[in-house]
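So the sequence shown is numbered by this note's numbering: it starts at 5 and just counts up by one.
Glycine residues also receive a C-beta, built at the ideal position from the N, C-alpha and C atoms.
Note that the coordinates shown come from a computational prediction; the quantities given were computed from them, not determined experimentally.
Read through the structure below, which is laid out as structure tokens, and then see the notes.
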Amino acid sequence: MHVILMGAQGSGKGTQAERLAPRLALRHVSTGNLFRAAIASGSDLGLAIKAAYDHGELIADATTVSLVDLELASIAAERAGGGSSRGALFDGFPRTPGQAESLNDLVARRGEAISAVIEIAVPLETLVTRLAGRRVCTTCGRTYHVEFDPPTVAGVCDRCGGEVIQREDDRPDAIARRLDLFFAQTEPLLAYYRGLGLLERVDGDQPVERVTDAIAAALARRDVSAAGEARS
Ligand code: AMP
5 MHVILMGAQG SGKGTQAERL APRLALRHVS TGNLFRAAIA SGSDLGLAIK AAYDHGELIA
65 DATTVSLVDL ELASIAAERA GGGSSRGALF DGFPRTPGQA ESLNDLVARR GEAISAVIEI
125 AVPLETLVTR LAGRRVCTTC GRTYHVEFDP PTVAGVCDRC GGEVIQREDD RPDAIARRLD
185 LFFAQTEPLL AYYRGLGLLE RVDGDQPVER VTDAIAAALA RRDVSAAGEA RS
């Protein structure tokens with residue numbers, strides 16, 4: 005059982021995935037986080053993708069899909085060992101038609117299914133305000149907003165004391181590039197999943213808790229319920 009969260013950068017996918025994954029017993033699979041970890045570790049993959057990442061470009065489908073394949077294998081292995089994850093909660097994947105097709109193949113090959121695709125809808129001007137003000141802790145990943153949710157001491161993480169910075173890809177040029185890419189490449193996927201009867205649309209321009217509740221309600225309508233209440 006896998007669920008996809010779709011929405012432009014700044015729509016709150018990451019925040020909602022963190023809140024919902026434990027509740028649904030799904031593993032939060034963020035390709036952006038996987039790429040950031042690769043860059044931070046200085047691995048061959050990290051070095052290969054850093055320039056494209058910093059400019060807000062998409063990483064090649066083959067590279068992205070192979071990371072997701074590893075995650076699905078790891079979830080299946082964890083389940084086989086008695087672990088609690090029922091599947092993946094995708095955040096930031098798939099982002100292109102090619103990735104969507106590959107994901108279909110990956111899950112079909114494992115005899116699994118995509119249970120629902122949630123669109124988190126947010127107006128463009130809200131996205132730009134959220135992204136341009138976003139700051140992130142380089143140590144623990146907690147996100148802040150310069151205006152709406154600043155750290156108590158500027159530049160210092162409240163949670164771990166780490167350094168709070170602006171991500172390279174949250175600078176104005178990269179923001180414009182990433183939003184262009186979303187509307188050109190990712191938005192058509194919404195129509196694709198609507199055609200498959202999997203799409204649910206949720207208003208993402210409301211308080212975080214209300215968005216979480218709306219997503220949980222949409223998933224419950226599709227028999228994806230909190231862990232322990234699952235019917236699928
Ligand atoms: P995110 O944190 O989801 O906004 O992703 C940050 C960056 O990671 C993107 O701007 C891309 O460079 C890369 N990335 C994340 N997910 C994908 C994906 N599914 N396909 C290609 N590139 C991705």
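Check: Beta-carbon proximity check, residue 142 vs residue 167, cutoff 8 Å; Outcome: yes
Check: Any non-hydrogen atom of the ligand AMP within 7 Å of residue 35 CB; Outcome: yes
Check: Of the listed residues 33, 29 and 70, nearest to residue 49 (C-alpha basis); Outcome: 70
Check: Reduced DSSP category for residue 97 - H, G, I as helix; E, B as strand; rest coil; Outcome: coil
Check: Distance, residue 80 Cα to residue 67 Cα; Outcome: 20 Å
Check: Span separating the alpha-carbon of residue 126 from that of residue 200; Outcome: 23 Å
Check: Check: residue 8 C-beta below 7 Å from any heavy atom of the ligand AMP; Outcome: no
Check: Cβ-heavy atom distance, residue 39 to the ligand AMP, below 7 Å; Outcome: yes
Check: C-beta contact flag for residue 60 and residue 212 at 8 Å; Outcome: no
Check: Under 8 Å between C-beta atoms of residue 41 and residue 32; Outcome: no
Check: Classification of residue 128 by the beta-carbon crowding that lies within 10 angstroms, buried from 16 upward; Outcome: exposed
Check: Separation of residue 181 from residue 217, as counted between CA atoms; Outcome: 31 Å
Check: For residue 79, three-class secondary structure by DSSP; Outcome: helix
Check: Nearest neighbour of residue 44, chosen from 130, 65, 145 and 13 [CA to CA]; Outcome: 145
Check: Stretch pair the segment 133 to 140 + the segment 107 to 117: three plus CB contacts closer than 8 Å; Outcome: no
Check: Residue 14 classed as buried or exposed, judged by whether at least 16 other C-beta atoms fall within 10 angstroms; Outcome: buried
Check: First and last residue of the uninterrupted beta strand (DSSP E) at residue 147; Outcome: 147 to 149
Check: Endpoints, the alpha helix (DSSP H) within which residue 139 is located; Outcome: Residue 139 -> not in any alpha helix (DSSP H); beta strand (DSSP E) instead, spanning 138 to 141.
Check: Nearest-angstrom Cα separation, counted from residue 113 out to residue 164; Outcome: 41 Å
Check: The segment 22 to 29 touching the segment 90 to 101, judged by at least three CB pairs closer than 8 Å; Outcome: yes
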